[in-house]
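Letter by letter, the sequence shown follows residues -21 to -1, 1 to 431 in mature numbering (1 follows the signal peptide of the UniProt record, and there is no 0).
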Amino acid sequence: MPLPPHNLLLLPLILLPLTFASPNANAMEGSETETLFSIMSSMSSDRDWRSYAPDPCSPGSSWPGIECKPGPNGRLHVTKLIFGTPPNPTCKASATFPSQIFDLPFLQSAHFFSCFKSKKTTLFFPRSSLSSPLQQLSLRANPSLIGAIPPQIAFLKSLQVLTLSQNHLHGEIPESISSLSSLIHLDLSYNSLNGRIPPQMGKMTGLIDLDLSYNSLTGLIPPSIGEMGSLQKLDLSSNSLWGSIPQSFGKLKMLTFLALSDNRLNGFPHIGLEKLQSLQYLIIDSNPMFTPLPPELGELPRLQELRLANSGYSGAIPRSFTRLRNLTTLSLGNNHLSGEIPQGLGGLSKMYHLNLSRNMLTGVVPFSDEFLRRLGRNLDLSGNPGLCLNGTGGLEGILGVGVCGKSSSSSSSDVEQPLDGSRKGASSLGDRMSYWGFGIVGFSAMYCLCLL
């Protein structure tokens, strides 16, 4: 039945809402799309991005390496960009750091992995980054990323995660970085940063993870780091820091991982580290300590790894170490330790790696056959001519010590006969001093901060 003529006048009004309900009603605004096209064309030549998908956020045709979410106006906006390895867009040889990312009004995460490898580029934070909502910025493994970290990094007030690792950045850490009050993860490792650690960093009380390892930082460790009450991981290893470990570290109640290896540190605090009751990993190899081992370290009930090798420690191994029931790794090699091995070490049921090599330890090895076989080649007692085994089961060659009372053989392939306490001394000490060196120690990361 045809509509009356007067009803035909209402037809445009009925169809009007359908006109606005087109498939592109929630598409990105034109200025944001043009900014994204400009960034993509400068970074990647994987494809012609403009013709590949003119609407990058549309369902079913979104680009690799980007993530879009609806904003307050109902339109889709780019919230994450990832460049580097497939399936994400790879970076072309002429790519440089795109400061235009700070013009994307809803961008929360930007990641550049192994992007800048040919053309030299530097970090740049324009005034427009003051209004950026960016929460995560990660630039890793970019050999052509050079220059200093600009003080304008403080413009990024919303930043929670900052990773600038494995680049060629140099210069000092800017003091302004301490104003990033929202930051919880800061990784500046594997660069060529120099100068002192800014004391102002102690103001970053929300920081959970701080990694400044493998740089050329000098000076004392600022006591203000002890004010970072939320800190769980602290890695300052492989720098040129000197002085004592600050006593204020005793305030880091949440700390689970502490690495200070390969520096020039020369002392433990008299009171402090034993208060770190959450500590699981303590790694302080290769520092010129030249003191007795602190017995207070045996008061850390959750400790799993204790690495104090190559640091000139002297005296006996503290018996308090036998109370570390969660210990899996104890590395005390290449020190000047003397006396007998505490018998209780063999009762640590979780132990799987023990290195006491190149010391001046004496007496009978106090470990059961079960303990010796369980550790096998993960037990190193070599370089202690005063040690010997009672009943070996053929393990003496593996462990690097001889059998008690066994005569020495002229064959170089035989295990050297253990010496008694009166015969250990200058010759083995000379060997140890010639062996001395502050080598680079590698660490496996305890945490993977999964905030992406």
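Ideal placement from N, C-alpha and C gives every residue a C-beta, glycine not left out.
As the structure is a computational prediction, the values presented were derived from the model and not from experiment.
Distance between Lys48 and His56, taken at the CA atoms: about 6 Å. Note on the segment 28 to 90: whole alpha helix (DSSP H) runs with a minimum of 4 residues are 28 to 31, in chain order.
Apart from sequence neighbours up to five positions away, the residues of its chain that approach Asp214 with a beta-carbon distance below 6 Å are Asp190, Ser192 and Ala238, ordered along the chain. As the crow flies, the alpha-carbon of Ile262 is around 13 Å from that of Leu234. When the Cα atoms are used, Gly370 and Asn266 turn out to be separated by approximately 37 Å.
Within its own chain, the residues whose Cβ lies closer than 7 Å to the Cβ of Phe134, once the five positions on either side in sequence are excluded, are Phe104, Ser108 and Leu109, listed in chain order. The segment 341 to 352 makes no contact with the segment 298 to 310; the number of CB pairs closer than 8 Å stays below 3. Restricted to the segment 241 to 302, the beta strand (DSSP E) segments that are unbroken, complete and at least 3 residues in length are 260 to 262 and 284 to 286, listed in chain order.
Cβ-Cβ distances below 6 Å link Asn334 to Ser310, Gly312 and Asp359 in the same chain, with the five nearest sequence neighbours on each side left out; the list follows chain order. Between the alpha carbons of Ala89 and Leu116 lies a gap of roughly 5 Å. Taking a contact to require three or more Cβ pairs closer than 8 Å, the segment 221 to 233 and the segment 274 to 290 do not qualify as touching. Counting C-beta atoms within 10 angstroms of its own C-beta, Gly208 has fewer than 16 neighbours from the protein chains shown and is therefore classed as exposed. Counting C-beta atoms within 10 angstroms of its own C-beta, Gln139 has 16 or more neighbours from the protein chains shown and is therefore classed as buried. Residue environment: Arg106 is assigned as exposed (fewer than 16 neighbouring CB atoms within 10 Å of its CB, all protein chains considered).
Going by DSSP, Phe236 is part of no alpha helix (DSSP H) but of the beta strand (DSSP E) stretching over Phe236 to Ala238. If you compare the alpha carbons of Ile80, Ser73, Ser157 and Leu172 with that of Ser123, the shortest gap goes to Ser73. Under the 10 Å beta carbon count, Gly384 is surrounded by fewer than 16 other beta carbons and is classified as exposed. Rounded to whole angstroms, the separation of the alpha carbons of Lys96 and Ile296 is 49 Å. For Leu186, same chain residues with a beta-carbon under 7 Å away, outside a window of 5 residues either side, are Leu162, Ile163, Leu165, Met207, Ser209 and Leu210 in chain order.
Annotation: the continuous beta strand (DSSP E) that includes Leu368 extends over Gly365 to Leu368.
DSSP places Ile18 within a helical segment (H, G or I) once states are collapsed to three. Judged by beta-carbon spacing, Phe269 lies within the 7 Å limit of Gly291, meaning their Cβ atoms are closer than that value. In the assembly as shown, Arg119 is a buried residue. Its beta-carbon has 16 or more other beta-carbons within 10 Å.
The alpha-carbon separation between Gly323 and Pro274 amounts to approximately 15 Å. Distance from the Cα of Ala127 is smallest, within the candidate group Gly150, Ser144 and Lys136, for Gly150.
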